[in-house]
Amino acid sequence: MVIIALVATSLAAGGVFAVVLSPPPSPCSGVSGATRSITIVADLNGYNGSKSQTGPWPVTTVHQCDRVEITIINNDTQAHGFAVTYYSNSGLEIVGGSPPQTLKFQATKIGQFTMYCSLGVCTVHQFMRTGLLNVT
Ligand SMILES: [Cu+2]
Numbered sequence: 205m206v207i208i209a210l211v212a213t214s215l216a217a218g219g220v221f222a223v224v225l226s227p228p229p230s231p232c233s234g235v236s237g238a239t240r241s242i243t244i245v246a247d248l249n250g251y252n253g254s255k256s257q258t259g260p261w262p263v264t265t266v267h268q269c270d271r272v273e274i275t276i277i278n279n280d281t282q283a284h285g286f287a288v289t290y291y292s293n294s295g296l297e298i299v300g301g302s303p304p305q306t307l308k309f310q311a312t313k314i315g316q317f318t319m320y321c322s323l324g325v326c327t328v329h330q331f332m333r334t335g336l337l338n339v340t
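Residue numbers for the sequence shown follow this note's numbering, beginning at 205 and rising by one.
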């Protein structure tokens, strides 16, 4: 009787786990979306002059399933990073004097995502923490 109860419990739990663990279908499967090109210039004024802004900067809005291409131009002599929460947490590192780099991803998830410098050592780091990507 105990054994039967245990088997029944594990089967029930297995069923629950199977439901929880099966990945949801991608909201963008089969959807190519529009391409959104964004350019960010990193220099001693921050990202696109974010040093002189009080709120989030730069701010950009795309639609869900759009293909986002963010090009980072580093006009500084020191290295800067560029990351986007959820979409690219590790981000890019652009050494001073190196060619632009482009981060590409499909905006599968709706929400607000921070665009920020993923290197903590640059001298204008405090101005590179408030970029905002809205996915609507
Ligand atoms: Cu930094």
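All residues carry an ideal CB built from backbone N, CA and C; glycine is no exception. All of these numbers come straight from a predicted model, not from anything done at the bench.
Query                                                                                                                                                   : Result
For a minimum of 3 consecutive residues, which ranges assigned as the beta strand (DSSP E) are wholly contained in the segment 267 to 309?              : 271 to 278, 284 to 288, 292 to 298
At which residue ranges does the segment 233 to 263 contain complete beta strand (DSSP E) runs of 3 or more residues, listed in the order of the chain? : 239 to 247
Going by DSSP, name the residue or residues bridged to Gly335.                                                                                          : Met319
What does the alpha-carbon distance come out to for the pair Thr340 and Gly285?                                                                         : 25 Å
Near Cys321, what residues of its chain come up, given a Cβ to Cβ distance below 7 Å and the 5 sequence neighbours on each side ignored?                : His284, Gly285, Phe286, His329, Met332, Arg333
In whole angstroms, what separates the C-alpha of Leu210 from that of Pro229?                                                                           : Its pLDDT being 48, under 50, Leu210 is placed unreliably by the model, and the measurement read from it follows with that caveat. Approximately 33 Å, taken between the alpha carbons.
From Gln257 to Ala246, what does the alpha carbon distance come to, in whole angstroms?                                                                 : 14 Å
Could you tell me if Gly253 is buried or exposed, where buried requires 16 or more neighbouring beta carbons within 10 angstroms of its beta carbon?    : exposed
Could you compute how far the alpha carbon of Asn293 sits from the alpha carbon of Gly315?                                                              : 15 Å
Near Asn279, what residues of its chain come up, given a Cβ to Cβ distance below 8 Å and the 5 sequence neighbours on each side ignored?                : Val245, Ala246, Asp247
In three-state DSSP terms, what is Leu210?                                                                                                              : Interpretation of Leu210 is limited by its pLDDT of 48, a score under 50 that renders its predicted location unreliable; the figure taken from the coordinates is listed afterwards. Residue state, collapsed to three classes: helix.
Whose C-beta lies closer than 6 Å to the C-beta of Thr306 among residues of the same chain, with five residues either side of it excluded?              : Glu273, Thr275
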